[in-house]
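Written below as structure tokens is the structure these notes are about.
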Amino acid sequence: MKHMKVAAVLVLAVLLAGCASGAAPAGGGEGSASGAQSVESGGDDAAVGGDCAGDLDADLKPFSSDLVTEPIPDHAVYGDGSEISFTTSLGADLAPGYELLKFVDGTPTSYTGGFWEDAGDGRYTLNLNVFDSDLDGKEGLIEVTAFPEGVTFDGERYEGDNVVLGIYCVTYAVAD
Numbered sequence: 001m002k003h004m005k006v007a008a009v010l011v012l013a014v015l016l017a018g019c020a021s022g023a024a025p026a027g028g029g030e031g032s033a034s035g036a037q038s039v040e041s042g043g044d045d046a047a048v049g050g051d052c053a054g055d056l057d058a059d060l061k062p063f064s065s066d067l068v069t070e071p072i073p074d075h076a077v078y079g080d081g082s083e084i085s086f087t088t089s090l091g092a093d094l095a096p097g098y099e100l101l102k103f104v105d106g107t108p109t110s111y112t113g114g115f116w117e118d119a120g121d122g123r124y125t126l127n128l129n130v131f132d133s134d135l136d137g138k139e140g141l142i143e144v145t146a147f148p149e150g151v152t153f154d155g156e157r158y159e160g161d162n163v164v165l166g167i168y169c170v171t172y173a174v175a176d
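The sequence shown begins at 1 in the working numbering and counts up one residue at a time.
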């Protein structure tokens, strides 16, 4: 019975991840903007052996696209009201979304999602409070997506679904 539940969670995670990544931009591959850079873990010893450093599928490994000029810091705190932000070269009025993933037995699983606040000049922020969660102090992932109609990738225009601007490791914290 336990194996059936684990299998069901894995199937759901794969389906949700497939829905979130959208169509691949021309020349960009796998639904992410071309020129993506790997996001390296910071100097935190806990991060080295954590879930973010685990054996993740290629489409869930932390990275930051070249379209992101100021990425989310590694292990940014989410949930205690601290601000998380990123800046993109695409400018304002982008309406980027996010999906938060938590780790269940080492497997990333969809937790929640929403949209970023536009702070102007291509900067987007979140500062949400989580009041009741068993995730306090645990690692998770945040996937940042956007719908950048008319953006150019490798010299070709991309008109389509969404583009993954980056996947970043976060640390969950519960607000007091």
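Backbone N, C-alpha and C fix where the C-beta goes; we use that ideal spot for every residue, glycine too.
Predicted model, so just to flag it, every value in this text is computed and none were measured.
Let me check understanding here. Comparing Cα to Cα, which of Asn127, Arg123, Phe147 and Val104 lies closest to Val68? If we check each option's Cα against that of Val68, Arg123 comes out closest.
Cα-Cα separation, Tyr111 to Ala92: About 27 Å.
Could you give the distance in angstroms between the alpha-carbon of Glu83 and the alpha-carbon of Phe147? Distance between the alpha carbons of Glu83 and Phe147 is about 23 Å.
Return yes when the Cβ of Asp51 is within less than 7 Å of the Cβ of Gly106, no when it is not. Contact: yes.
Identity of the residue in Ser89, Tyr168, Gly113 and Thr109 nearest Glu99 by Cα: Put simply, of Ser89, Tyr168, Gly113 and Thr109 the residue whose alpha carbon is nearest the alpha carbon of Glu99 is Gly113.
Do Gly140 and Val170 come within 7 Å of each other at the CB atom, strictly closer than that value? Yes, the pair counts as a contact, with Cβ atoms nearer than the cut-off.
Just how far apart, CA to CA, sit Glu143 and Ile167? Approximately 4 Å, taken between the alpha carbons.
What is the residue span of the beta strand (DSSP E) that Leu179 lies within? Residue 179 is absent from the model: the chain starts at 1 and stops at 176.
The beta strand (DSSP E) with Leu101 in it runs from where to where? Gly97 to Val104 is the extent of the beta strand (DSSP E) around Leu101.
Using three-state DSSP, classify Ala58 as helix, strand or coil. Ala58 falls in the helix class under three-state DSSP.
Could you check the C-alpha separation between Ala20 and Ser65 for me, to the nearest Å? Confidence at Ala20 is low in this model, with a pLDDT of 37, below 50, so the placement of that residue should be treated as unreliable; the coordinate-derived value is given next. One C-alpha to the other measures close to 16 Å.
Please state whether DSSP places Ala92 in a helix, a strand or coil. If DSSP states are grouped into helix, strand and coil, Ala92 belongs with coil.
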